[in-house]
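If you read the sequence shown in the working numbering, its first letter stands for residue -14, the second for the next number, and so on.
Idealized CB from N, CA, C, for every residue including glycine.
Model, not experiment: these values are computed from the prediction.
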Amino acid sequence: MNVSRFDLWLGLPLAAIALLLPFSGPSDFVLNLATLVMIWAIFAIGFDFVFGLLGMVSFGHASFLGLGGYALALATQLWVLPFSAGLGLAIVVGALCAWLFSFFALRVSGIFFALVTLALSQLLYILADSKLRAWTGGADGLPGVERPGLGGIDFFDSTHFYWYVVAVFALVMAAVAVLRRSPFGRVIAGIRQNETRAEQLGFDVHRYKQITFIVSGGISGLAGALLASLLMYVNPQMLHWTTSGDVIIMTLLGGAGTLWGPVVGVLAFEVLKEWLSGWTQYWYGVLGLVFILATLFFPKGIVGELQERFGQWQDKAARRDGRSS
């Protein structure tokens, strides 16, 4: 797997912080917040697989997240399956839902794609909140969602569960990095740049888009299961379109289409949310203002702008070396 110098430059400090955090004596609140950031980062990475690589805005990803949470809850509570089986089921359910969505959403593009995913997501939310109350618990949700069980380790302990999520995050990050730099990822990038050209070269554009959407749905379902496990609770609000809105903001804030952008965006969003919510009851409005300012000063997102500056610095360094030689 080839990783760019910039990705290493940014990724190594972030990895060091994640690995050293439990040894700094943090409170359970800080550890749970860090775990939440990691889970939302997995969700944002899955979302950006469609948004960043294909340039398609989906308001349906809340459905994949919420269904992943419900898949884990029902698998472990109703069907008494082990946690690992519930986690696998969450990935399958998220991917399956994305596959079903793709039959409707991929028939259109642009704003119409966003509207179709929004409509489908809200349909599932309404069903979960009312018609399927016997399965979802309605507005009350389903409490008592399980934590992992592995070798007698107590994953109800904040530190142990944090390490579990870190391991899953690392696997997801590695898999996405490989996919982005694989022939498949290069075709997806080509489709975004010029879809007509890709079709003329013989690529099945619809199939590539569908596979991308399915992979994205599976990752989002995994994030939903981990989120439900962290909260030990799942309710229909996870399927609401505003959840998709949050992950869109996070991804744009960090930098869509970059490897670390979704992670940095989630980190900035969650830290700001925690700080602002303790400062004012109108924190969401202030957060919106911060986002507007960020888009003005960092139009490519935090990581996108840093990556561009890093590239410019490398070009200048290369020119200096060329002149000196």
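Quick check on the DSSP output: the alpha helix (DSSP H) that includes residue i runs from which residue to which?
i: K258; result: G246 to S262
i: G209; result: V190 to L216
i: G(-4); result: R(-10) to L5
i: N17; result: D13 to L39
i: D231; result: W226 to G239
i: E131; result: No alpha helix (DSSP H) contains E131, which DSSP labels as neither H nor E.
i: Y267; result: Unbroken run through Y267: none, as it is neither H nor E.
i: P168; result: P168 to Q178
i: L59; result: H46 to Q62
i: G71; result: F68 to A90
i: T121; result: R118 to T121
i: T102; result: I96 to I111
Check whether the Cβ atoms of residue i and residue j sit closer than 8 Å, and answer yes or no.
i: L50; j: S205; result: yes
i: L272; j: K258; result: yes
i: F34; j: S262; result: no
i: I173; j: L6; result: no
i: L52; j: V77; result: no
i: L57; j: G71; result: yes
i: F(-9); j: F283; result: no
i: Q299; j: W226; result: no
i: G54; j: M223; result: yes
i: L211; j: V153; result: yes
i: F199; j: A60; result: The sequence shown places Ile at residue 199, not Phe. No, Cβ-Cβ distance for I199 and A60 is not below 8 Å.
i: P67; j: G136; result: no
i: S323; j: L109; result: Past the boundaries of the shown model lies residue 323; the chain is included only from -14 to 310, so the question cannot be answered.
i: M235; j: A29; result: yes
i: L85; j: H191; result: no
i: S143; j: L16; result: yes
i: G175; j: A162; result: no
i: G123; j: S115; result: yes
i: F140; j: Y149; result: yes
Using only alpha-carbon positions, find the residue among the options that is nearest to residue i.
i: V151; options: A75, A0, F169 and A279; result: A0
i: M41; options: F283, D(-8), G187 and L103; result: L103
i: Q195; options: F89, N17 and G71; result: F89
i: V65; options: A29, Q178, R132 and W84; result: R132
i: A160; options: Q185, L237 and G203; result: G203
i: F254; options: L186, G230, L244 and G242; result: G230
i: G289; options: D142, L237, G175 and L278; result: L237
i: F36; options: A279, V232, I277 and T265; result: V232
i: Q363; options: A213, F8 and M158; result: Residue 363 cannot be examined here, being either before or after the span of the chain that is shown, -14 to 310.
i: V93; options: I234, S43, G122 and G73; result: S43
i: G73; options: F276, L207 and V275; result: L207
i: L(-3); options: L244, E184, T121 and S12; result: L244
i: A14; options: F146, G95, L105 and A183; result: For the sequence presented, residue 14 should be read as Phe rather than Ala. Closest by alpha carbon: F146.
i: F276; options: R305, S69, W260 and G239; result: G239
i: Q292; options: A113, G242 and A3; result: G242
i: S87; options: P168, L105 and F169; result: L105
Using a C-beta cutoff of 8 Å, does residue i count as contacting chain C?
i: I277; result: No chain C appears in this structure, which consists of one protein chain only.
Three CB pairs or more closer than 8 Å across the region 210 to 218 and the region 119 to 136: With contact defined as three or more Cβ pairs closer than 8 Å, the region 210 to 218 and the region 119 to 136 are in contact.
Does the contact criterion of 3 or more C-beta pairs under 8 Å hold for the region 18 to 36 versus the region 246 to 258? In this structure the region 18 to 36 touches the region 246 to 258; the number of beta carbon pairs closer than 8 Å is three or more.
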